[in-house]
Amino acid sequence: MPSFKPVVALLRGLDVLNAVNASREATVGSVHAATGLDKATVVRMLETLEHAGYIVRVAGRPAYVPSWRTLQLSQGYDLQRSLGAAAEPILTNFRKSIGWPSDLAICDRGAMIVVQTSREQGPLSLNRRPGYQAPILSTSLGRAYLAFCPDEERQAILAQIAARPNAESVDLSKADAILAEVRERGFSVMDSTYSDREYEGLVWAIAVPVMNGERACASVNILMLRNAMSYEMAVDRLLEPLKATAARLAEVFRAQG
Numbered sequence: 007m008p009s010f011k012p013v014v015a016l017l018r019g020l021d022v023l024n025a026v027n028a029s030r031e032a033t034v035g036s037v038h039a040a041t042g043l044d045k046a047t048v049v050r051m052l053e054t055l056e057h058a059g060y061i062v063r064v065a066g067r068p069a070y071v072p073s074w075r076t077l078q079l080s081q082g083y084d085l086q087r088s089l090g091a092a093a094e095p096i097l098t099n100f101r102k103s104i105g106w107p108s109d110l111a112i113c114d115r116g117a118m119i120v121v122q123t124s125r126e127q128g129p130l131s132l133n134r135r136p137g138y139q140a141p142i143l144s145t146s147l148g149r150a151y152l153a154f155c156p157d158e159e160r161q162a163i164l165a166q167i168a169a170r171p172n173a174e175s176v177d178l179s180k181a182d183a184i185l186a187e188v189r190e191r192g193f194s195v196m197d198s199t200y201s202d203r204e205y206e207g208l209v210w211a212i213a214v215p216v217m218n219g220e221r222a223c224a225s226v227n228i229l230m231l232r233n234a235m236s237y238e239m240a241v242d243r244l245l246e247p248l249k250a251t252a253a254r255l256a257e258v259f260r261a262q263g
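Numbered per the working numbering, the sequence shown spans residues 7 to 263.
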């Protein structure tokens, strides 16, 4: 619970700054229409923001535009950290409901970057933390993303992989067939060679994309012990909950913009 009630004047000032930022040139009338604040309050907020250096008045006209200083407001923003924080309660609850851990990852420069994980506690703690880079074509996370990202992006990523000798254990000539199968099934599976190398063949995973409209913006998996959960059991018991979790993550990400 918050310690104090919100500072109403600050909230109004932020609303006005947002309205100015959304307009090519904002006027008292346009900000009034966008925020619903009375014009006297709008004028007071505009003049305060101008005094603070966040907006400037257009020469010769009663209009305002954002200043360079507004850029400073985003310097502390970290996409990975923001997505990870939003996903944490969802992945935590998901693990409690199914008993297996999950990772959420986004694609960055031809690798899958884990932005949040529920591996930290329990019997299957596999020393993966946010920031870990997973191969894109060998992992269930990467395959789920790659299969559902735009064609142009997919080809660019595959070209990056091809330029890295020995970086992936999967034969690139088989990539199209692998990804076509993922699209047909709607989920992906970790490559067995990767499982052997990283987990001595004891662990495997399935993953689905987190969709933004018609394209993937991330992917989420479930990691399981091979001797405890077969392929058939995982598809039967866990696939639909995994898809529901991916849909919930997509909702949260859209709400955050």
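Note that CB positions come from ideal geometry on N, CA and C, so glycine has one too.
I'd like the span of the beta strand (DSSP E) that includes residue i, first residue to last.
i, result
"Arg123", "One detail in the question is off: residue 123 reads as Thr in this sequence, not Arg. That run of the beta strand (DSSP E) goes Ala117 to Thr123."
"Asp21", "Segment Val14 to Asn27 is the alpha helix (DSSP H) holding Asp21; no beta strand (DSSP E) there."
"Tyr70", "Tyr70 to Pro72"
Between the alpha carbons of residue i and residue j, how many angstroms are there, rounded?
i, j, result
"Phe193", "Ala169", "27 Å"
"Asp177", "Val120", "24 Å"
"Ser4", "Arg191", "The structure shown does not extend to residue 4, since the chain is modelled only from 7 to 263, so the question has no answer here."
"Glu158", "Ala250", "28 Å"
"Leu52", "Leu79", "17 Å"
"Leu17", "Gly35", "19 Å"
"Met239", "Ala252", "20 Å"
"Gly148", "Asp202", "17 Å"
"Thr33", "Pro68", "6 Å"
"Arg160", "Met196", "18 Å"
"Thr47", "Arg75", "22 Å"
"Ile96", "Thr41", "33 Å"
"Pro129", "Tyr70", "For Pro129, the predicted model reports a pLDDT of 49, less than 50, meaning its position is unreliable; a value from the coordinates is still stated below. Distance between the alpha carbons of Pro129 and Tyr70: 58 Å."
"Ala183", "Leu152", "12 Å"
"Glu206", "Ser198", "10 Å"
"Ser131", "Val241", "Low confidence applies to Ser131: its pLDDT is 49, below 50, so where it sits in the model is not reliable enough to give any reading."
"Phe259", "Leu89", "7 Å"
"Leu245", "Pro156", "24 Å"
"Leu164", "Ala222", "16 Å"
"Ala162", "Arg87", "26 Å"
"Glu257", "Phe100", "15 Å"
"Pro12", "Asp21", "14 Å"
"Ser236", "Phe10", "52 Å"
For the ligand MN, is there a heavy atom less than 7 Å away from the beta-carbon of residue i?
i, result
"Ser29", "This structure lacks the ligand MN, and indeed carries no ligand of any kind."
My assumption, with CB atoms under 8 Å, is that residue i sits in contact with residue j. Please give the rounded CB distance.
i, j, result
"Val214", "Leu231", "Not really, about 20 Å apart at Cβ, beyond 8 Å."
"Asn27", "Pro72", "5 Å"
"Leu255", "Trp106", "In fact, because the Cβ distance is near 17 Å, the residues do not count as touching under 8 Å."
"Ile104", "Ala224", "Rounded, the Cβ-Cβ distance is 19 Å, inconsistent with contact."
"Val188", "Ala150", "7 Å"
"Thr145", "Tyr200", "6 Å"
"Ala181", "Leu143", "6 Å"
"Asn233", "Ala211", "At roughly 15 Å, the Cβ-Cβ gap does not stay under 8 Å, so Asn233 and Ala211 are not in contact."
"Val49", "Glu56", "The Cβ separation is near 11 Å, so there is no contact."
"Ala91", "Leu110", "Incorrect: roughly 11 Å between the Cβ atoms, too far for contact."
Checking the sheet assignment: what are the DSSP bridge partners for residue i?
i, result
"Arg221", "Asn218"
"Met235", "Paired residues: none, contrary to the question."
"Leu229", "Ala211"
"Ala140", "Met118"
So the alpha helix (DSSP H) residue i belongs to, where does it begin and stop?
i, result
"Leu110", "It is not in any alpha helix (DSSP H) - Leu110 instead sits in the beta strand (DSSP E) that spans Asp109 to Asp114."
"Leu244", "Element bounds for Leu244: n/a, residue is neither H nor E."
"Asp202", "Ser198 to Tyr205"
What alpha helix (DSSP H) runs, 4 residues minimum, are completely inside the segment 146-194? 146-154, 157-168 and 181-191
Length at least 4, wholly inside the segment 33-98: the alpha helix (DSSP H) runs in chain order: 34-41 and 45-58
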